[in-house]
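Q: Residue numbers (my numbering): 10 to 207.
Glycine residues also receive a C-beta, built at the ideal position from the N, C-alpha and C atoms.
These numbers come from a predicted model, not from an experiment.
Take this structure first; my questions come after.
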Amino acid sequence: MFFGWRWKQDALPYSVIDRGTEVQGPIRSRGVLEVRGHVRGAVIHEGRMVVAPGGVCSGPVRSDDLYLQGEIHGDVTVTGTLRIGNGGQLYGDADCRRLIIDPGGCFVGINRSELEGRAAGPAAAQAGGAPSAVPVSNGAVPSPPTGLGVRSRGRRAARPGGHCRDHGPADGAARPGAADHRLPRVHAHEAPVGAGGV
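Right under this line is the structure:
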């Protein structure tokens, strides 16, 4: 079962990029794609895509539905549901109809769905679709106005050295006298981004 959906295993083509395998993109596929190895380059997938624990995609990803348990270093466009599971890490911008971030999931980037006015909830309607990422000062992390649980310091962390697990500095090294610029881990549950039939 994937996102609560059921389908016959033999009804859709099932492709696996296994551990220890490195593939240079761009890749075009359809059906179900599971990435356990490393994909470098763009992935354009029609269907359901899973980036398993230990799997890495370095480049932009486009899919109908995406379940992230590994890492993606690049922008993501999902026409359906983007789910970042426990241990999943997305370093890039996201444009999706529905965003779910499980406890332990990490999203460092911009939720473009909200910037385009597709955010759900009355606060987003009042703010005219303003992003839920709010600049933070003095280390305090306020709740976002849309209630989605997405937190940001108002800028993107450096992707190569950025990390979420230990809340360390975005560039990987602390500088003496520098302000605390660590990004908090992103946590949210069932965060619908799109309204209705967008």
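1. Residues in its own chain within less than 6 Å of Asp111 by CB, not counting five upstream and five downstream?
2. What does DSSP give as the partner residues of Arg71 in its beta bridges?
3. Find out if the Cβ-Cβ distance for the pair Thr90, Arg106 is shorter than 9 Å.
4. Would you identify the three-state DSSP class for Arg28, choosing helix, strand or coil?
5. Where does Gln33 land, buried or exposed, given buried means 16+ other C-beta within 10 angstroms?
6. How would you label Gly97, buried or exposed, when you count the other beta carbons within 10 angstroms and need 16 or more for buried?
7. Taking a contact to mean a Cβ-Cβ separation below 9 Å, would you say Ser67 touches His54 in this structure?
8. Do you know offhand how far Arg92's Cα is from Leu108's?
9. Using a threshold of 9 Å, state whether the C-beta atoms of Tyr76 and Arg45 are closer than that.
A: Checking against the coordinates, here is how it stands:
1. Closer than 6 Å at Cβ, skipping near neighbours: Gly94, Asn95.
2. Ile53, Thr86, per the DSSP bridge assignment.
3. Yes; because the gap between Cβ atoms is below 9 Å, this pair is in contact.
4. Arg28 sits in coil when the DSSP states are folded into three classes, being neither helix nor strand.
5. Flag for Gln33 reads exposed.
6. Around the C-beta of Gly97, 16 or more other C-beta atoms lie within 10 Å, and the residue is accordingly described as buried.
7. The answer is no: Cβ separation not under 9 Å.
8. Between Arg92 and Leu108, the alpha-carbon positions lie close to 6 Å from each other.
9. No, they are not a contact pair.
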